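See below for the structure under consideration.
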Amino acid sequence: MPLFGREAELEALTGLVEGLRERGGVLIRGEAGIGKSALVAAVVSVASGAGVRVLTTTGAQAERNLAYAGLHQLLYPVRAELDALPGRQRDALRDALGLGDSSAEAAAGEVGGPGAYVVGLAALTLLAEVAAVRPLLVVVEDAHWLDRASADVLAFVARRIESEPVAVVATLRDGEPSPLLEAGLSELPVGRLSREAAAELLHSTAPGLAPAVRERVLLEADGNPLALIELPAAVGDQGGIGPVMPLSERLERAFTARVATLPAPARTALLVAALNESDSLAETLAATRLILSTAPPGPDVGAGAEVEVLAPAVEARLVELGAGTVRFRHPLMRSAIPTAAPMAECRRAHLALAETLREHPDRRAWHRAAATTGADEGVAAELDSAAAQARRRGAVAAAVAALEQAARLSEGREGKALRLLRAAELAFESGSRDTAERLVRDARELDLSPRRRAAAAWMLSGFEDGVREDVSRVAELAELAESVAAGGIVEPAVRILWGAAMRCFWSEPGQDARRLVLRVADGLPLPAGDPRMVAINAYAAPFERGATVLGGLRELAGAAGADPETDRYLGSAAMQVGAFDVAARLSAVAAPGLRAQGRLGLLPRALAVQAWSTTRLGDLDTAVPAAEEAARLAAETGQPFMYGLATAVQAEIAALRGEHEQARVLADEAERVALPAAARPVLATVQLARGLAAMSEGRFDDAFADLSRILDPTDPAYQLALRAYFLAELTEAALRAGRSEAMRDVLRGLEPLAAATPSPALHLGLRYARAVLAPGPEAEELFAAALRADLTGWPAERARLHLAYGEWLRRRRRAVESRVHLRAAREAFDALGLAAWGERARQELRGAGESSPVRDPDARDRLTPHELSIAQLAAEGLTNREIGQRLYLSHRTVGTHLHRIYPKLGVSSRADLARILKSYPPD
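Following my numbering from start to finish, the sequence shown increments by one per residue and tops out at 929.
This is how it looks when you write it as structure tokens:
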């Protein structure tokens, strides 16, 4: 059938196919029946005629709880190519699609499933390999009905199609949620047809309508193509269109009225087909036979069911039969039939399908559950197994749905509570806050044991590290942990207390709450060297317990690499106590393990700590790509405050490089995310970035004002630990703004902290500040002492000291001596890429009578952060495929990036790349 009134939409879709060598994707949006599928059929026809391969999947309501059902449908035609994938990707995708070794899956248990991101990378690699042979069009119809695991993977793929000859076309009903909405696809809204186009369509499908009926249909259809096609039949069957109601309801009534005229066996077969999550004709006929074999005899009931049983439904234009398939002509037809059927008939159909699907236990469990009205522990146990299987395959949403349904069918309160809390914990781990909170609330309405109450309380407060909660929550959690531990339940108590300690980083609960956290921690039956105890002490008391934390970190650093999650939070703990070198090292160790496990929820946290710490150390080569990836992944995984922290670090980097406008834009973006919830570490880093930018522009009063906010307990940018780690910048601003006495007051307030903790960052800052602010002859010895300190791994601090000392010497007319220090500062700042600071050193050298060569931009400055990350990995000798696995990209995309990188750097090979990048050492 030709399309009427869709010229603009067809032109856009045709252009997508013709431009397949460029990144592209379209999300077609519109109401039910608006013609989305007709547009897809048209673009598929164009693609096939152009020699493009087409892979298709269609979401179905009945499949929404079946893990990776949509992905299986999409990739099944190319399953033979799976063996060419890298081993871990191959195994992950085979397991996700149910093609793996079931015994291996069983041995894997519920923990350690492949995860949606590893499956996503495998799917991306597979599609890229298929497209390398022949350009590829990926079609996703009714994306709103895809199972969540498939939708997440397809959104992951769509975000990363950069250089492959792959295009994605998806359809989505208006008002429906889908991960594909955030996948970067261009939206193509499809509206109702104009009066002229609607009249043309109606005339082509029902040319014999009487004028009055024709006008009534045009009026009621209001430009909806499906209504224009289907309502004329309703007029003929019913003598009218019926009462005023939403168009979709009128269409559903028209469809069910058509079903009512069919013979009973055909109605039964249609109901079975509508409830079956598969389009398998064999399954539909087998289940229909079971129902008909037990039905009371009647004129329309036969002894069995063969394909002819569906002939009346085909004639009524409700379904179409293909090679072993039965498909409804429109989703509204499929949804209308069970809605109108009596509950008893739906129950019989589900039971018949369950009996037919004995070889498919997951699907069988869902049909048995749908047919069960009361508690049934046997069916609940089957759903438990389905949840475990979904979890092993990395399909968390499907596991949550199965456990929630199992809880509904549980016979006892304890079993119901356990299943609800297990579902809530999985929802929590996957970032589904609303689902987790709803499940916990349901569980708390039951009579929970102390252990279950503790688990429920911990999960309810687990999101966003409590950033949006009232600060009194810290004390409540600490008291809860204490009561749980008193009952002999240690592990949940530790987890609850860890949550309380984390809140001491993101918010400021006050000293009483912090002391309570420490008292509870001291009472737990855990050794002082337990990594969790080290981290709790760091978060709750970074100065009072600083020596203990640093000692624990030194002991634990030798075992780094054994558990990436432990390394991650120890790296974060090191940041709290000012051991930025240790924080950078531990987070760098954690990141590869988290990548390998596909834990993209935790990876941006490790990367953000790495970026924050390495920026403070002056290692921008590491910080730039780490911050970029942390921000990108945090946004993708729904972690706004980690996104804010990484973006604030990017603002700091821009300020250090002298990119003032970029620093302002990034700082404003980070503040926009963090300010409504007062995410203190983000806001403190924002003020640091603004202060640095103001200093490099010579606005020293503004710089002092910006940086002083970090020390004001009434300001949302105040953060107990971080306030003590920006002393060099604050002192520099104070000195040049004529606020030296105010800065001395600040130092007097911090000296007691220095006496209590060996924090490296605090003592480095104090040594700098004492020297810079000291009167006359005292300053020289203080500068010398500061430079004699162990600054290994702190190149930016060393350079800053040389600069300040050189400036001090020059102002005392000791120009020759000053040049040694100013030259050292200039060379270090240039090597580190700290352009704003390097320019200051040049100006001071000119004042001391020595000219400086103009600094050419480093090769690395010509690259985007993403390109720099790829270039560094290539320089280390990783192959394109290995880089792709590390960065969750296809290896072909990596190759395309390298082809862009080479001319930017003036090189032609990996060897040249390694040479030019290594010629700019960070220290």
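All residues carry an ideal CB built from backbone N, CA and C; glycine is no exception. Every value quoted in this text rests on a predicted model; they were computed, and no experiment measured them.
Cα-Cα, which of the options is closest to residue i?
{"i": "glycine 418", "options": "Ala484, Arg868 and Ala381", "result": "Ala381"}
{"i": "valine 32", "options": "Gly11, Val124, Glu13 and Ala164", "result": "Ala164"}
{"i": "glutamate 550", "options": "Leu759, Glu17 and His209", "result": "Leu759"}
{"i": "serine 714", "options": "Ala727, Ile542, Met701 and Gly697", "result": "Gly697"}
{"i": "glycine 567", "options": "Ala821, Gly599, Met539 and Ala767", "result": "Gly599"}
{"i": "alanine 401", "options": "Gly25, Gly104, Ala762 and Leu879", "result": "Gly104"}
{"i": "alanine 275", "options": "Ala499, Val223, Ser478 and Pro344", "result": "Pro344"}
{"i": "valine 540", "options": "Pro217, Trp512, Leu503 and Pro337", "result": "Leu503"}
{"i": "lysine 42", "options": "Gly11, Val655 and Ala695", "result": "Gly11"}
{"i": "methionine 339", "options": "Trp372, Ala377 and Thr262", "result": "Thr262"}
Along the chain, where does the beta strand (DSSP E) that runs through residue i open and close?
{"i": "leucine 194", "result": "192-195"}
{"i": "glycine 557", "result": "Element bounds for glycine 557: not the beta strand (DSSP E) but the alpha helix (DSSP H), 552-563."}
{"i": "phenylalanine 835", "result": "Careful: phenylalanine 835 lies outside any beta strand (DSSP E), inside the alpha helix (DSSP H) at 821-838."}
{"i": "glutamate 326", "result": "325-327"}
{"i": "phenylalanine 710", "result": "Here phenylalanine 710 belongs to no beta strand (DSSP E); instead the alpha helix (DSSP H) covers 706-714."}
{"i": "phenylalanine 334", "result": "332-334"}
Tell me the rounded alpha-carbon separation between residue i and residue j.
{"i": "aspartate 390", "j": "glycine 76", "result": "22 Å"}
{"i": "valine 172", "j": "valine 136", "result": "9 Å"}
{"i": "serine 619", "j": "proline 515", "result": "25 Å"}
{"i": "alanine 430", "j": "leucine 327", "result": "41 Å"}
{"i": "leucine 160", "j": "glycine 557", "result": "46 Å"}
{"i": "glutamate 642", "j": "leucine 606", "result": "9 Å"}
{"i": "alanine 661", "j": "valine 480", "result": "35 Å"}
{"i": "threonine 628", "j": "alanine 617", "result": "7 Å"}
{"i": "alanine 723", "j": "histidine 769", "result": "22 Å"}
{"i": "arginine 745", "j": "serine 436", "result": "49 Å"}
{"i": "glycine 853", "j": "tryptophan 800", "result": "27 Å"}
{"i": "aspartate 796", "j": "alanine 711", "result": "31 Å"}
{"i": "glycine 890", "j": "alanine 360", "result": "43 Å"}
{"i": "proline 4", "j": "leucine 454", "result": "Summary: the structure shown does not reach residue 4, with the chain confined to residues 7 through 929, and so no result is reported for it."}
{"i": "leucine 884", "j": "alanine 387", "result": "47 Å"}
{"i": "alanine 350", "j": "histidine 872", "result": "58 Å"}
{"i": "alanine 669", "j": "leucine 152", "result": "41 Å"}
{"i": "glycine 330", "j": "leucine 232", "result": "26 Å"}
{"i": "proline 531", "j": "valine 496", "result": "8 Å"}
{"i": "alanine 73", "j": "valine 58", "result": "29 Å"}
{"i": "glycine 624", "j": "alanine 841", "result": "11 Å"}
{"i": "alanine 553", "j": "phenylalanine 586", "result": "15 Å"}
{"i": "leucine 61", "j": "leucine 911", "result": "39 Å"}
{"i": "arginine 428", "j": "lysine 422", "result": "10 Å"}
{"i": "leucine 224", "j": "arginine 333", "result": "28 Å"}
{"i": "threonine 3", "j": "glutamate 289", "result": "The structure shown does not extend to residue 3, since the chain is modelled only from 7 through 929, so no value can be given for it."}
{"i": "proline 548", "j": "glutamate 193", "result": "49 Å"}
{"i": "histidine 808", "j": "alanine 734", "result": "13 Å"}
Would you mind sorting residue i into buried or exposed? The rule is 16 or more other CB atoms within 10 Å of its CB.
{"i": "tyrosine 545", "result": "buried"}
{"i": "glutamine 517", "result": "exposed"}
{"i": "valine 526", "result": "buried"}
{"i": "alanine 785", "result": "buried"}
{"i": "histidine 897", "result": "buried"}
{"i": "tyrosine 82", "result": "exposed"}
{"i": "leucine 874", "result": "buried"}
{"i": "arginine 140", "result": "exposed"}
{"i": "glutamate 314", "result": "exposed"}
{"i": "glycine 604", "result": "buried"}
{"i": "valine 822", "result": "exposed"}
What are the boundary residues of the alpha helix (DSSP H) that residue i is part of?
{"i": "threonine 267", "result": "No alpha helix (DSSP H) contains threonine 267, which DSSP labels as neither H nor E."}
{"i": "arginine 369", "result": "367-376"}
{"i": "alanine 176", "result": "Element bounds for alanine 176: not the alpha helix (DSSP H) but the beta strand (DSSP E), 172-179."}
{"i": "glycine 782", "result": "782-794"}
{"i": "valine 688", "result": "686-702"}
{"i": "leucine 143", "result": "Leucine 143 -> not in any alpha helix (DSSP H); beta strand (DSSP E) instead, spanning 142-147."}
{"i": "valine 125", "result": "122-139"}
{"i": "isoleucine 889", "result": "886-893"}
{"i": "alanine 393", "result": "383-398"}
Within the stretch 408-496, note down every full alpha helix (DSSP H) run reaching 4 residues or more, in order along the chain. 419-435, 439-450, 456-466 and 478-492
Taking only runs that begin and end inside the stretch 15-63, name each unbroken alpha helix (DSSP H) of 4 or more residues, in chain order. 42-55
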